[in-house]
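**Q** Once you've had a glance at the structure underneath, I'll fire off some questions.
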Amino acid sequence: MFKKLSDLERLISKNKIVRTLALAVSQDQYSLNAIHKAYKVGIVNPILIGDEVLTRDIIKEKGYDFDGAVFINELDHQKCVEIAVKLVHNDEAQILMKGKVATPELLKGVLNKEWGLRTGTLLSHFALFEVNTYHKLIAITDVAMNIAPNLKDKIAIVNNSVGYLNKMGIAKPKVAVLGAIEMVNESMQATLDAALLSKMNQRDQIKNCIIDGPLAFDNAVSFESAKNKNIKSAVAGDTDLLLMPDIEVGNVLYKTLVFFAKAKVASVVLGAKKPIVLTSRSDSEESKYHSILLAALA
Ligand code: COD
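Each step along the sequence shown adds one to the number in this note's numbering, with nothing skipped, and position 207 is 207.
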């Protein structure tokens, strides 16, 4: 069982993983810092696409040693995205990373029908948290890509995340489908979807995990809370993955954990041809580094 995000490092070095990473709009000191760390420990070979002068200025100022890195000089952001995405599309790079560019701008490139990274399945965002008050790492999805997923989307989002957790060695991750309450209320769509997902899991329509829901946040993460409410569940209090009802709830929870609970987080977009590191500008350098590790493992 993984308890810390730094455990990812151990798994990567055990499997001797080395990936080529394409950074779109490379003049971003925070991304460069994280990439430099991953480069120095031999996990990534970077291709830096962006304003080469500005990028080299940052590298020089910070004293980074990027001797083996490839630089592609491009000033236009959209073109940078296109070049980076095409490198991954053509398997010349195995990780796409967002630099100093807006998330929707990058995602539109990723979803481009000709040269994007679509696979026919839904792309979704997967965030893995280390929270001091929880007994293991906990994943949360989707907090950054799918705005208002319907039932079909939620099935794909669960499958993407479960596939990743299975790869991490968790054979049957426990998935809590969140609602505002733990009872089905016909006026609350999230609770209806949760009940359907649970039943689909029981009938083996969604495999390799144990799904329960609706669960309110407290009983998803606390045995005691579940016990107090007399909830009998194989998931309650021991959740590996929290499925969010929509992007607003997910994004607020993500930021609450980081800013109020001082949680550590790593995140990656799954379901594309290759993993995408899509951290936000406010994420710490450590978080960006751990996200690269998460992508390298995917
Ligand atoms: N996976 C696969 N294909 C998708 C997905 C997805 N998640 N989302 C859209 N598509 C496909 C659609 O099927 C369609 O073919 C095409 O892409 C365009 O679909 P639209 O018109 O619904 O999507 P866009 O281009 O307007 O927007 C897609 C975004 C991912 C950019 C949009 O959903 C978005 O802005 N998401 C939130 C991103 C964000 O702001 N995150 C920041 C939070 S920190």
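Where a beta carbon is used, it is the ideal one built from N, C-alpha and C, also for glycine. This structure is a prediction, so every number in the text was calculated from the model and none was measured.
Can you tell me the Cα-Cα spacing of phenylalanine 223 and threonine 121, whole angstroms?
**A** Computed Cα separation, rounded: 34 Å.
**Q** Taking three-plus beta-carbon pairs below 8 Å as touching, is the stretch 239-256 in contact with the stretch 72-90?
**A** Result no; under three Cβ-Cβ pairs closer than 8 Å.
**Q** Have a look at Thr103, Thr20, Ala34 and Val110 and flag the residue whose alpha-carbon is nearest the alpha-carbon of alanine 93.
**A** Taking only the C-alpha atoms, the option nearest alanine 93 is Thr20.
**Q** Touch check for the stretch 277-288 and the stretch 180-188: three-plus C-beta pairs under 8 Å?
**A** Cβ pair count under 8 Å is below three, so no.
**Q** Keeping to the same chain, check which residues put their C-beta closer than 6 Å to that of lysine 86; ignore five residues upstream and five downstream.
**A** If we look at lysine 86 and ignore the five residues flanking it on each side, its Cβ neighbours are Trp115.
**Q** Use the C-beta contact count for isoleucine 231: other C-beta atoms within 10 angstroms, 16 or more gives buried, fewer gives exposed.
**A** It is buried - the Cβ of isoleucine 231 has at least 16 other Cβ atoms within 10 Å.
**Q** Should isoleucine 147 be labelled buried (16 or more other beta-carbon atoms within 10 Å of its own) or exposed?
**A** Exposed, by the Cβ-count rule.
**Q** Per DSSP, which residues does valine 268 bridge with? Please list them.
**A** Valine 268 pairs with Phe126.
**Q** Kindly identify the DSSP beta-bridge partner or partners of aspartate 212.
**A** Beta-bridge pairing links aspartate 212 to Ala176.
**Q** Touch check for the stretch 201-209 and the stretch 265-275: three-plus C-beta pairs under 8 Å?
**A** Touching, no, given that fewer than three Cβ pairs across the two stretches are closer than 8 Å.
**Q** Return the first residue and the last residue of the beta strand (DSSP E) that valine 25 is part of.
**A** Run containing valine 25: none; DSSP gives neither H nor E here.
**Q** Using 7 Å as the cut-off, classify the Cβ of leucine 301 as near or not near the heavy atoms of the ligand COD, replying yes or no.
**A** Residue 301 lies beyond the residue range present for the chain, which begins at 1 and ends at 298; the question has no answer from this structure.
**Q** Any heavy atom of the ligand COD closer than 7 Å to the beta-carbon of asparagine 132?
**A** No, Cβ of asparagine 132 sits at least 7 Å from all heavy atoms of the ligand COD.
**Q** Nearest CA to the CA of glutamine 189: which residue from Val162, Asp246, Tyr30 and Val131?
**A** Of the candidates Val162, Asp246, Tyr30 and Val131, the one whose C-alpha sits nearest the C-alpha of glutamine 189 is Asp246.
**Q** Could you please give the first and the last residue of the uninterrupted beta strand (DSSP E) stretch that includes glycine 163?
**A** No beta strand (DSSP E) holds glycine 163; the alpha helix (DSSP H) holding it covers 151-167.
**Q** Would the stretch 1-9 count as touching the stretch 57-65 if we require 3 or more Cβ pairs under 8 Å?
**A** At 8 Å Cβ cutoff, the stretches do not touch.
**Q** Would the beta-carbon of leucine 192 fall within 8 Å of that of isoleucine 211?
**A** Contact: no.
**Q** So, isoleucine 140 versus leucine 242, is the Cβ gap smaller than 8 Å?
**A** The answer is yes: Cβ separation under 8 Å.
**Q** Any heavy atom of the ligand COD within a distance shorter than 7 Å of the CB on proline 245?
**A** Outside the cutoff, so no.
**Q** So what's methionine 200 in DSSP terms, helix, strand or just coil?
**A** Three-state result, methionine 200: helix.
**Q** For the beta strand (DSSP E) containing asparagine 73, name the first residue and the last one.
**A** 70-73 is the extent of the beta strand (DSSP E) around asparagine 73.
**Q** Taking the beta carbon of proline 104 as the centre, do at least 16 other beta carbons fall within 10 Å, making it buried, or is it exposed?
**A** Classification for proline 104: exposed.
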